[in-house]
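Under the UniProt record's numbering, the first residue of the sequence shown is numbered 1, with each subsequent residue one higher.
We treat Cβ as the ideally placed atom computed from N, Cα and C, and that holds for glycine.
Predicted model, so just to flag it, every value in this text is computed and none were measured.
These notes are about the structure you will find just below.
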Amino acid sequence: AVALHALTEPRFNGYAPAIPDAQVLAILQRNASTEQQRVRDDRVENSATFESDLKRSQMKQALRKLLDKAATMDVKLIPLDDTLHRIQLTLESTTDVKALDATLAMAMLQDLNAMKLTMETLKETGLGRSVNKLRKHPSDQVAAASQALVAKWKKEMLGQ
């Protein structure tokens, strides 16, 4: 629109024609119409993007509500007894299972074998993963005891 105004405005200085050329006007009109079509296309594209963004934001809102609801629910945490808590801390603090003392590992595995643990307790504490790592211990006794304990847990959990 500015270019059309500039061409139709009579100029006395410079090189712009005083009377606009018909070809120039046709080119400007064609450019203006293609610009309008491009704006319409952008609006359609933007509306599709807006719809997908709206769906995404609605999904995020629903997920946020669900997470807030889950956070406010009363969850019974199983209190860990001292032995289980001590074993958990020992296994978590040990980064390399090969460095763990064999007698200490055997004592922990025997204590865990004597306990009646639930699936929730194993998931909360992560003891299953830690005991499973003990299969790589250099001591054959520790490796065998950890494999036996994992097999026992699998049998108990699947048997329930």
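Residue i (DSSP reduced to helix, strand or coil)
i	result
D96	coil
M108	helix
S33	helix
S139	coil
residue 161	This structure does not reach residue 161, given that the chain is present from 1 up to 160, and the question cannot be answered.
D101	coil
A82	Looking at the sequence shown, residue 82 is not Ala but Asp. It is helical.
Cβ neighbour criterion (16 or more within 10 Å) applied to residue i
i	result
S130	buried
V142	buried
V39	exposed
I27	exposed
L89	exposed
L54	exposed
H137	buried
L149	buried
T125	buried
residue 163	Residue 163 lies beyond the range of the chain shown here (1 to 160); nothing can be said about it.
L91	buried
L127	buried
L63	exposed
L100	buried
Proximal residues to residue i (C-beta, below 7 angstroms), its chain only, five neighbours per side dropped
i	result
M157	M119
M115	L84
A145	M106, L109
Q58	none
K133	V97
For residue i, the first and last residue of its enclosing alpha helix (DSSP H)
i	result
S130	127-133
Other residues of its chain near residue i: CB distance less than 6 angstroms, five sequence neighbours each side excluded
i	result
S139	A102
N113	L149
K152	none
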